[in-house]
Amino acid sequence: MRQNLLRAESSLLRYPIREVVEIGKRFERLAHFKMVWENIGDPVASGEAIPDWMKALLREQIADTASYGYTDSRGDTAARQYVLEHFSSEKVCTVDDILFFNGLGEAINKILNNLPKEARVLVPSPTYPSHATAEAMHAGCHYISYPLDPENNWEPDVEEIESHVRYNEQIVAILVINPNNPTGSVYHRETLEKIVAIAKKYHCFLIFDEIYHHMTFPGVQTTLLYEIIGDVPGISMKGISKDVPWPGSRCGWIEIYNAEKDQGFSDYIHVILLAKMLEVCSTALPQKILPAIYGHKQYPEMLKARIQKYQQRADEAELFFRKIPQVRLNKPQGVFYLVVELLDLPYATLESKNKDVRLELERLEQQKMAADFQFAYELMGSEGICVVPLTGFGSDLTGFRMTLLQEDDALFTDTLQRIGRAIRAYY
Ligand SMILES: Cc1ncc(COP(=O)(O)O)c(C=O)c1O
13 MRQNLLRAES SLLRYPIREV VEIGKRFERL AHFKMVWENI GDPVASGEAI PDWMKALLRE
73 QIADTASYGY TDSRGDTAAR QYVLEHFSSE KVCTVDDILF FNGLGEAINK ILNNLPKEAR
133 VLVPSPTYPS HATAEAMHAG CHYISYPLDP ENNWEPDVEE IESHVRYNEQ IVAILVINPN
193 NPTGSVYHRE TLEKIVAIAK KYHCFLIFDE IYHHMTFPGV QTTLLYEIIG DVPGISMKGI
253 SKDVPWPGSR CGWIEIYNAE KDQGFSDYIH VILLAKMLEV CSTALPQKIL PAIYGHKQYP
313 EMLKARIQKY QQRADEAELF FRKIPQVRLN KPQGVFYLVV ELLDLPYATL ESKNKDVRLE
373 LERLEQQKMA ADFQFAYELM GSEGICVVPL TGFGSDLTGF RMTLLQEDDA LFTDTLQRIG
433 RAIRAYY
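Take a look at the structure:
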């Protein structure tokens, strides 16, 4: 090529949740087995059925010619009105402050890419990697993070947040993921109120990724940003990938709060809207059908049954992992993930499925990597289970994230036992 085709920051482009899949697929080919994919938060891929009433709604929507045209660049007006009335608040938001995207993945990129390079968003650690990677790519250097504390049920360390914001004038926003991926924790209202107070004191805006807002275990209540934001500018992110669940719809939205309270913030939001206009709009069909799905009389019981299953899985996993001394576990309060911390994790190997897998592992392990990446590769090559290393979520702590999604009870129990066997052998 006449010119270098890579941007300097291209080396920061990482998405470990899917990168491990490439390696897992190679192992499947080399040793002729079927991997258990515990890496991705896709309920459909994990065997959850889409109910007939939802498929019937979709068929009806497909028959409606209106589904075939563009929508307003902000998104379908009826969908935005529904979102405003059911998931948001007119105290801080209007129907024009709701913008639809092709999945929150797109929204995350639009929010970060339209900030100036030197304006930084403080992200949690561990975090959902799309946020951290988009932040790093936009800034052209490593993201800046605050820790979630495993000794305090993965609550954000508020003092660390304040210290970052006070001493780094470049920080313009604080990202909170609540309920949280990857930890499954649901934050205390007081913690969130303190974060809002920090944003107010230092004139920052807030980004709350609330895509799991419906997914808390019975008796656990989540506090939504609109309830506590007061007059601070902020963005709430939600979507239909997890709670409907329809991740393949690629449909998510942002709710902008207090846009009019700060001219700089409102100009920036306008740029995000212009960027969306450049693409005309997001896919119409999922937006058109959104009110009918969430409003369907069978939706609440479907959601309840799913959440009950996740809680049952979390209970079983907690009982199981508690018996392994090298593991630290905080029981999730919602969502469908489980973080298993592996304390003082060494670099070691496990017996591989065959010689070809061993050779491939040896080739991979010549590269410098965190100890939990090596554990995850060895786990794939020995027990045929694919998890995501905890350091892949931008954490200094070692361990892995698995899901609570598995539909098959026996397979879930078997997966736990195989992981347990691997942990014991690895140490
Ligand atoms: C916290 C969080 N935010 C955003 C997303 C992306 O959602 P979408 O499917 O809408 O792109 C995910 C997906 O796993 C997530 O866990």
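Using my numbering, read the sequence shown as starting at 13 and increasing by one per residue.
Quick reminder that beta carbons are idealized off the backbone N, C-alpha and C, glycines included.
Inset, instruction - State yes or no: is the C-beta of Pro159 nearer than 7 Å to some heavy atom of ligand 1? - result: The answer is no for Pro159.
Inset, instruction - May I ask whether a heavy atom of ligand 1 can be found less than 7 Å away from the beta carbon of Tyr140? - result: Within the cutoff, so yes.
Inset, instruction - To the nearest angstrom, report how far apart Leu69 and Ser294 are at their CA atoms. - result: Going from the Cα of Leu69 to the Cα of Ser294 covers about 20 Å.
Legend entry - Local conformation of Met227 per DSSP, three classes: Met227: coil per DSSP, three-state reduction.
Legend entry - Classification of Glu181 by the beta-carbon crowding that lies within 10 angstroms, buried from 16 upward: Exposed, because fewer than 16 other Cβ atoms sit within 10 Å of the Cβ of Glu181.
Legend entry - Cβ neighbours of Val399 in the same chain (closer than 7 Å, five flanking residues each side left out): So the qualifying residues of the chain are Glu50, Asn51, Ala388, Leu391, Phe412, Arg413, Met414.
Legend entry - beta-carbon Asn126 near ligand 1 non-hydrogen atom, thresh 7 Å: Because no heavy atom of ligand 1 lies under 7 Å away, the Cβ of Asn126 does not count as near it: no.
Inset, instruction - Kindly indicate which three-state DSSP category Leu391 falls into: helix, strand or coil? - result: Reduced to three states, the DSSP call for Leu391 is helix.
Legend entry - Phe45 - DSSP class collapsed to helix/strand/coil: Coil.
Inset, instruction - Provide the residue span of the alpha helix (DSSP H) that contains Tyr238, from first to last. - result: Taken as a continuous stretch (DSSP letters only), the alpha helix (DSSP H) holding Tyr238 covers 237-240.
Legend entry - Buried/exposed call for Pro55, threshold 16 Cβ in 10 Å: Pro55 comes out buried.
Inset, instruction - Taking 6 Å as the limit, tell me which residues put their C-beta closer than that to any heavy atom of ligand 1, in chain order. - result: Qualifying residues, in the order they occur: Gly53, Gly115, Leu116, Gly117, Tyr140, Ile189, Asn193, Asp221, Ile223, Gly251, Ser253, Pro259, Gly264.
Legend entry - Three or more C-beta pairs below 8 Å linking the segment 223-241 and the segment 181-196: Note that the segment 223-241 touches the segment 181-196; at least 3 beta-carbon pairs, one per stretch, sit closer than 8 Å.
Inset, instruction - Report the partner residues of Tyr349 according to the DSSP bridge assignment. - result: In DSSP, Tyr349 forms a bridge with Thr415.
Legend entry - Same chain, Cβ closer than 8 Å to Ile252, five either side skipped, listed in chain order: Closer than 8 Å at Cβ, skipping near neighbours: Trp258, Ser261, Cys263, Gly264, Pro298, Leu302, Ile305.
Legend entry - Cβ contact (3+ pairs, closer than 8 Å) linking the segment 171-185 and the segment 126-143: Cβ pair count under 8 Å is three or more, so yes.
Inset, instruction - State yes or no: is the C-beta of Val177 within less than 8 Å of the C-beta of Gln345? - result: A distance of 8 Å or more separates the beta carbons of Val177 and Gln345.
Inset, instruction - Using only alpha-carbon positions, find the residue among Leu290, Gly231, Glu330, Ala383 that is nearest to Leu354. - result: Comparing Cα positions, the closest option is Ala383.
Legend entry - For Arg86 and Ala271, the rounded distance between their alpha carbons: Near 15 Å, if we compare the C-alpha coordinates of Arg86 and Ala271.
Inset, instruction - Identify, in the order they occur along the chain, each residue of the same chain with its Cβ nearer than 6 Å to the Cβ of Ile156, setting aside the five sequence neighbours on each side. - result: For Ile156, same chain residues with a beta-carbon under 6 Å away, outside a window of 5 residues either side, are Arg132, Leu134 in chain order.
Inset, instruction - Going by CA-CA distance only, name the one from Ile336, Pro162, Lys250 that's closest to Gly117. - result: Here the closest residue by C-alpha is Lys250.
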